[in-house]
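Visitor: Each position in the sequence shown, counted from 1, maps to that position plus 2 in my numbering.
Note that CB positions come from ideal geometry on N, CA and C, so glycine has one too.
Remember, predicted model here, so these are calculated numbers, not experimental data.
This is the structure I want to talk about, given as structure tokens.
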Amino acid sequence: MTRPLFVARPILPNLEDLKPYLESIWDRRILTNGGVFHGELEKELSRYLGAPTAMLFNNGTIGLMAALRMFNLPPGSEVITTPLTFAATAHAISWNGLIPVFADICPNDLTLDPAAVELAITEKTSAILGVHVYGSVCNLDALEEISNRHHLRLIYDAAHTFGTTVSGRPIGTFGDASVFSFHATKLFHTFEGGMITTNRVEDRETISYLRNFGIKNEEEVVGIGLNGKMNELQAVIGLLTLPLVEAERKSRLALRKKYESFLEDLPGIRLLAAQPGVCNSEQYFPIQIDSKTFGRTRDDIYDGLKKRDIFSRKYFHPICTDFEPYRDFPIHSARPQPFVQEVKSTVLCLPFHSGVDDGDVDEMQDEFLRGF
Ligand code: T4K
Numbered sequence: 003m004t005r006p007l008f009v010a011r012p013i014l015p016n017l018e019d020l021k022p023y024l025e026s027i028w029d030r031r032i033l034t035n036g037g038v039f040h041g042e043l044e045k046e047l048s049r050y051l052g053a054p055t056a057m058l059f060n061n062g063t064i065g066l067m068a069a070l071r072m073f074n075l076p077p078g079s080e081v082i083t084t085p086l087t088f089a090a091t092a093h094a095i096s097w098n099g100l101i102p103v104f105a106d107i108c109p110n111d112l113t114l115d116p117a118a119v120e121l122a123i124t125e126k127t128s129a130i131l132g133v134h135v136y137g138s139v140c141n142l143d144a145l146e147e148i149s150n151r152h153h154l155r156l157i158y159d160a161a162h163t164f165g166t167t168v169s170g171r172p173i174g175t176f177g178d179a180s181v182f183s184f185h186a187t188k189l190f191h192t193f194e195g196g197m198i199t200t201n202r203v204e205d206r207e208t209i210s211y212l213r214n215f216g217i218k219n220e221e222e223v224v225g226i227g228l229n230g231k232m233n234e235l236q237a238v239i240g241l242l243t244l245p246l247v248e249a250e251r252k253s254r255l256a257l258r259k260k261y262e263s264f265l266e267d268l269p270g271i272r273l274l275a276a277q278p279g280v281c282n283s284e285q286y287f288p289i290q291i292d293s294k295t296f297g298r299t300r301d302d303i304y305d306g307l308k309k310r311d312i313f314s315r316k317y318f319h320p321i322c323t324d325f326e327p328y329r330d331f332p333i334h335s336a337r338p339q340p341f342v343q344e345v346k347s348t349v350l351c352l353p354f355h356s357g358v359d360d361g362d363v364d365e366m367q368d369e370f371l372r373g374f
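Here's what the structure looks like:
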């Protein structure tokens with residue numbers, strides 16, 4: 003048993019395998035601004051993620067900021083998103099001088115509810131930013147239909163869906179653009195990192211300007227770009243980590259089955275159902291606790307596990323509209339009360355990675371069956 007046991011644990015390559023890469027960087031002295039390893043990783047990820055355009059960033063947040071900037075959305079226009087996400091999603095909208103507008107989530111998969119999105123649309127709406135939260139895939143068809151009908155851009159925060167496919171189609175090819183996070187806590191990581199993918203090769207030039215200060219050549223700056231570049235050390239970590247991803251995903255899939263075996267039939271515990279046709283990224287394992295039926299609250303479980311040095315996380319509670327910058331922003335909903343307000347106090351992500359062994363699972367099972 004590993005203690006402390008965290009919600010996430012990064013996969014790491016063998017230290018010895020780093021050495022030849024480091025020597026090569028040291029020889030060349032090209033440390034960033036598009037080195038050899040950066041180029042190699044970009045090519046490999048384009049293949050892995052099945053996206054014609056796949057461009058590395060130094061983290062997912064900067065990737066989101068750049069993706070929103072790609073489409074020259076009118077300043078002050080509104081971007082509809084979910085409040086059940088990491089703060090970075092809403093912040094990326096705000097940093098672009100756009101207004102985040104929050105819409106409710108679907109009870110079955112916890113992603114943006116298309117009916118709520120419809121209700122949130124005004125003449126100022128310019129885009130929808132869906133989040134495949136926990137690895138749960140948004141209602142792609144409905145969101146595409148709405149965005150086409152209202153002439154809106156459709157962008158996906160794909161931070162939790164590395165390698166996900168839907169009926170064989172890679173997740174990063176839906177919508178106008180998708181953004182991945184390669185943070186240490188993600189299935190695939192580069193310590194810190196991110197990527198924008200799109201279905202159109204023509205987007206590469208725009209994204210490369212956005213990533214590199216708008217620089218076209220030594221004498222021309224053609225746009226207001228960021229410094230979104232990934233460096234060579236991060237790229238090497240990516241090259242060495244990518245081959246380890248499938249084994250990690252399989253190990254998490256096995257862990258999911260173990261968790262499900264004792265949680266599935268436990269009164270008061272709800273699990274997210276598998277989505278038809280979706281090959282899941284196995285990024286997080288969220289459960290929802292109905293305290294009336296289970297007899298204990300989500301916070302009781304969180305505290306009970308913590309006493310055993312097991313650190314689950316209440317992702318994503320508080321929700322964005324509980325945070326100061328977005329406090330009192332309305333949540334548009336097709337229900338009398340937004341469902342997300344209910345979910346936020348019931349959801350808990352259990353440790354979900356290959357470092358969780360059978361002893362850990364047994365210990366958690368005992369706690370759940372005893373009722374904490
Ligand atoms: N959109 C969505 C939907 C996201 O979830 C995120 C990031 C983004 C956008 C933005 O992408 P980035 O700009 O981050 O690339 C973590 C991550 O920092 C964040 O990347 C992630 N989402 C978010 C859901 O989780 P914290 O504050 O919960 O991280 P922290 O440091 O508490 O880590 C969680 C646990 O993971 C720790 O208890 C221990 C373990 N851990 C963590 C780190 C950093 C390790 O074992 N090793 C490590 O190096 O935000």
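Classify H153 as buried or exposed, calling it buried when 16 or more other Cβ atoms lie within 10 Å of its own Cβ.
Guide: The residue in question, H153, is exposed, as its Cβ has fewer than 16 Cβ neighbours within 10 Å.
Visitor: Compute every distance between the C-beta of H185 and the non-hydrogen atoms of ligand 1, then say whether any falls below 7 Å.
Guide: Checking every heavy atom of ligand 1 against the Cβ of H185, one is found closer than 7 Å.
Visitor: If you measure from the CB of T243, is any heavy atom of ligand 2 nearer than 7 Å?
Guide: Only ligand 1 can be found as ligands here, which leaves ligand 2 out of the picture.
Visitor: Compute the minimum distance between the beta carbon of P12 and the heavy atoms of ligand 1, and state whether it is under 7 Å.
Guide: It does: the Cβ of P12 is within 7 Å (strictly closer) of some heavy atom of ligand 1.
Visitor: Assign A275 to one of three DSSP states: helix, strand, or coil.
Guide: Looking at A275 - three-state DSSP - the assignment turns out to be coil, as it is neither helix nor strand.
Visitor: Specify, as a first and last residue, the run of the beta strand (DSSP E) that D292 falls within.
Guide: Counting along the chain, D292 falls outside any beta strand (DSSP E), and DSSP gives it neither H nor E.
Visitor: So, are the CB atoms of G132 and I101 less than 8 Å apart?
Guide: Their beta carbons are not under 8 Å apart, which means G132 does not touch I101 by this criterion.
Visitor: Where does H355 sit, in a helix, a strand or coil, going by DSSP?
Guide: Of the three classes helix, strand and coil, the one that applies to H355 here is coil, per DSSP.
Visitor: Assign C140 to one of three DSSP states: helix, strand, or coil.
Guide: C140: coil per DSSP, three-state reduction.
Visitor: Could you check what DSSP says for H334 in three-state terms: helix, strand or coil?
Guide: Three-state DSSP puts H334 in a strand.
Visitor: Would you list, in sequence order, the uninterrupted beta strand (DSSP E) runs of no fewer than 3 residues that lie entirely inside the region 180-247?
Guide: Taking only runs of at least 3 residues, the beta strand (DSSP E) segments lying wholly in the region 180-247 are 196-200, 217-219.
Visitor: Between the Cα of I289 and those of M3, L47, Y136, D106, spot the shortest distance and give me the residue it belongs to.
Guide: If we check each option's Cα against that of I289, Y136 comes out closest.
Visitor: Give every residue of the same chain whose Cβ lies closer than 6 Å to the Cβ of T43, excluding the five residues on either side of it in the sequence, and list them in chain order.
Guide: Rather than Thr, the amino acid found at residue 43 in this sequence is Leu. Only A237, G240, L241 meet the Cβ criterion.
Visitor: Quick one: is the Cβ of A117 within less than 7 Å of any heavy atom of ligand 1?
Guide: Answer for A117: no, Cβ out of range of ligand 1.
Visitor: To the nearest angstrom, how far is it from the Cα of Y211 to the Cα of R71?
Guide: Taking the straight line from one Cα to the other gives about 11 Å.
Visitor: Measure the Cβ-Cβ separation of L66 and L114 and say whether it is below 8 Å.
Guide: No.
Visitor: Beta strand (DSSP E) containing D159: first to last residue?
Guide: Note, D159: beta strand (DSSP E), 155-159.
Visitor: Under the three-state reduction of DSSP, which class applies to E13: helix, strand or coil?
Guide: It is Ile, not Glu, that sits at residue 13 in the sequence shown. Coil.
Visitor: What is the residue span of the alpha helix (DSSP H) that A69 lies within?
Guide: That run of the alpha helix (DSSP H) goes 62-71.
Visitor: Which term fits R300, buried or exposed, when burial requires 16 or more other beta carbons within 10 angstroms of its beta carbon?
Guide: R300 is buried by the Cβ-count criterion.
Visitor: Run through DSSP, which three-state label would A129 get?
Guide: Residue state, collapsed to three classes: strand.
Visitor: Please state the DSSP three-state secondary structure of M366.
Guide: M366 falls in the helix class under three-state DSSP.
Visitor: Could you check whether P6 and F354 sit closer than 8 Å to each other, using their CB atoms as the reference points?
Guide: No, the Cβ-Cβ distance between F354 and P6 is not below 8 Å.
Visitor: Span of the alpha helix (DSSP H) holding A105?
Guide: Counting along the chain, A105 falls outside any alpha helix (DSSP H), though it belongs to the beta strand (DSSP E) covering 101-105.
Visitor: Rounded to whole angstroms, what's the CA-CA distance from A105 to E18? Just pull it up for me.
Guide: If I take the Cα positions, the gap works out to 48 Å.
Visitor: Starting from F39, follow the beta strand (DSSP E) in both directions and report where the run begins and ends.
Guide: Where F39 is concerned, there is no enclosing beta strand (DSSP E), although the alpha helix (DSSP H) it sits in stretches over 38-51.
Visitor: Cα-Cα, which of F370, S283, E365 is closest to T4?
Guide: The residue with the shortest Cα to Cα distance from T4 is E365.
Visitor: If you draw a straight line from the C-alpha of L246 to the C-alpha of P15, how long is it?
Guide: If I take the Cα positions, the gap works out to 8 Å.
Visitor: Given this structure, state the Cα-to-Cα distance separating L273 from V358, to the nearest angstrom.
Guide: If you take the alpha carbons of L273 and V358, they lie about 19 Å apart.
Visitor: T83 by DSSP, collapsed to three states: which one?
Guide: Three-state result, T83: strand.
Visitor: Pick helix, strand or coil for P172, following the three-state DSSP scheme.
Guide: The answer is strand: DSSP assigns P172 an E or B state.
Visitor: Using only the alpha-carbon positions, how far apart do G306 and A68 sit?
Guide: When rounded, the distance between both Cα atoms is 41 Å.
Visitor: Would you tell me roughly how many angstroms separate the C-alpha atoms of K260 and G361, rounded to the nearest one?
Guide: In a straight line, the C-alpha of K260 is about 12 Å away from that of G361.
Visitor: With DSSP collapsed to three states, give me the class of I148.
Guide: Of the three classes helix, strand and coil, the one that applies to I148 here is helix, per DSSP.
Visitor: Closest to I291 by CA distance: which of E344, S335, E125 is it?
Guide: The option with the nearest alpha carbon to I291 is E344.
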